[in-house]
Each structure stands twice: as structure tokens, then as C-alpha cells.
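Peer 1: FYI, the numbering for the sequence shown is -23 to -1, 1 to 124, going by mature numbering (1 follows the signal peptide of the UniProt record, and there is no 0).
Would you mind keeping the following structure in view while I ask a few things?
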Amino acid sequence: MCKITTALLGLLSLSFFLELSSCHVRRGAMGSIFRRLKCALPSQGDPGQPLFLTPYIESGKIEEGRQLSLVEHLPGPYVKSYSGYLTVNKTHNSNLFFWFFPAQVQPEKTPVLLWLQGGPGGTSMFGLFVEHGPYVVQKNLSCKYMF
């Protein structure tokens, strides 16, 4: 159940990063939210290679995959989070990006919240980066810790 929930939460972040990396203004329900974005994100250095976690899961190397997916070096105090790709269709090389933030208080006992919003052409990541954090994207496209 936890693995499935983690994967579902990860789906949220994919649409946000796809939205921000485009160099044109989206039209539709969420178009006004991103109308100020007219170019790609500024480079902050080499992000490294994408982390595909499915091979670790399939080979039983769950703990190794968990450690590799741990996100580090974000602004502000350390907030534990995990990120990577889960393969959904090997034939078509289809992968889903996730970014999971465990509860900061009693994570073993706290239920997982799956936040969905947006729709066709709209990102579900808007809530993470604008409404309920822990990080927000500022006007200059930098990331700021909010809590």
C-alpha cells in the first residue's frame, strides 16, 4: 500500500515540472497561473542522471532504491523527501516522476494525503509549490522553504 501511495504522490510533481520547463504560455484552465513564465528554468548546474527505481524494486533492492531517491541540498532546513521515476510501461519507455514528502510529525502513524487538482492542461503540482509547501516557487523561479 505504501509503495502504491508513494507512486501516486509522485505523479503530482511530473506535471508541474513539465509545465515549468516549457517555453510557451499554456492556455486553458491553468494558463493564467503560469502566464509570467516565458522561458525555461535557469540552470543550477548538472542535475545528474534520472533515477529509475523500478529495477531496484524488481530486484528486491528496496532499501538501496530508497536511499538513492532521498532528496538533498534544497534551500532552508532539511525536509526529508524522496524523488525518482517509476516505470509504468517498459515497451514504450513510459515512466512517472514522483516527489514524496513523508509527514514531519509521526510519519509512521500519519495517513498519506494524495493531493490532486488541475485537469487537462493544468498541473497538480500547483498546490505543492503555491498553496501548501513545504517549498514555494517565487517570481524569479527560485525555490524557498516556507515553514
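Note that the Cβ used here is the ideal one computed from N, Cα and C, for glycine as well.
Values in this document were obtained by computation on a predicted structure and should not be read as measured data.
1. Please give the ranges of any beta strand (DSSP E) in the stretch 35 to 113, keeping only runs that are unbroken, at least 3 residues long and fully inside the region.
2. What's the C-alpha gap between P79 and K116?
3. Specify whether the stretch 81 to 88 and the stretch 59 to 71 touch according to this definition: at least 3 beta carbon pairs, one from each stretch, less than 8 Å apart.
4. How about the stretch 51 to 63 and the stretch 117 to 124: do they share at least three Cβ pairs that are nearer than 8 Å?
5. Identify whether K121 lies in helix, strand or coil by the three-state DSSP scheme.
6. Output yes or no for whether 8 Å exceeds the beta carbon distance between G25 and Y33.
7. Mind checking whether F74 and Y59 have CB atoms under 8 Å apart?
8. Have a look at G37 and V107 and give me their C-alpha separation to the nearest angstrom.
9. For F29, I'd like the list of residues in its chain whose CB is within less than 6 Å of its CB, leaving aside the five on either flank, ordered along the chain.
10. With a threshold of 7 Å on Cβ separation, who are the neighbours of L47 within its own chain once the five nearest residues in sequence on each side are excluded?
11. Are G104 and Q94 touching if we call contact CB-CB under 8 Å?
12. Does the beta-carbon of W92 have 16 or more other beta-carbons within 10 angstroms, so that it is buried, or is it exposed?
13. Within the same chain, show all residues whose beta-carbon is closer than 6 Å to that of T64, passing over the 5 residues directly before and after it, in chain order.
Peer 2: Inspection of the coordinates gives the following:
1. List check, beta strand (DSSP E) in window: 59 to 66, 71 to 77.
2. Approximately 27 Å between the Cα atoms of the pair.
3. The stretch 81 to 88, when compared against the stretch 59 to 71, does not touch it at the 8 Å Cβ threshold.
4. Yes: at least three Cβ pairs fall under 8 Å.
5. K121: strand per DSSP, three-state reduction.
6. No, the pair does not count as a contact, with Cβ atoms beyond the cut-off.
7. Contact annotation: F74 and Y59 have beta-carbon atoms that are not nearer than 8 Å.
8. Going from the Cα of G37 to the Cα of V107 covers about 36 Å.
9. If the five residues before and after F29 are omitted, its C-beta is found closer than 6 Å to the C-beta atoms of Y62, all from its own chain and listed in chain order.
10. Closer than 7 Å at the Cβ level, and outside the excluded window around L47, lie Y59.
11. Against a cut-off of 8 Å, the Cβ pair of Q94 and G104 comes out as a contact.
12. With fewer than 16 Cβ atoms within 10 Å of its Cβ, W92 is classed as exposed.
13. Sequence-distant partners of T64 (beyond 5 residues in either direction) whose C-beta falls short of 6 Å from its own C-beta, in its chain, are T31, N72.
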